[in-house]
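Below: one structure, written as structure tokens.
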Amino acid sequence: MAAAGSRVPVLDAVRALAFVGDLSMGQPVDHSTRTAWLAARIAQAARAEGLALGQMGRASGTE
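Here our numbering is used: position 58 in the sequence shown is 59, and no number is missing along the way.
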């Protein structure tokens with residue numbers, strides 16, 4: 002168990018929620034990660050810039 006006052010990085014919390022969501026919907030456990038990766042590739046192909054592309058990269062673990 003974590004010590005009182007310890008913090009969980011937001012990205013780790015989001016990935017944990019995505020993992021649980023994938024399991025609850027009967028998807029493979031990396032479904033959300035692959036979806037975010039695909040969104041980042043599409044955004045790059047569409048020449049997206051700035052904040053939106055960076056957020057997708059962090060979500061997909063490709064940044």
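For every residue, glycine included, the Cβ atom is placed at its ideal position computed from N, Cα and C.
Tell me the DSSP secondary structure of S33 in three-state form. Helix.
Would you kindly check if the distance between the Cβ of A44 and the Cβ of S33 is under 7 Å? Cβ distance not < 7 Å, so S33 and A44 don't count as in contact.
P29 versus L39 - alpha carbon distance: Whole-angstrom Cα-Cα distance: 15 Å.
Between which two residues does the alpha helix (DSSP H) carrying R16 extend? Counting along the chain, the alpha helix (DSSP H) containing R16 begins and ends at 11-25.
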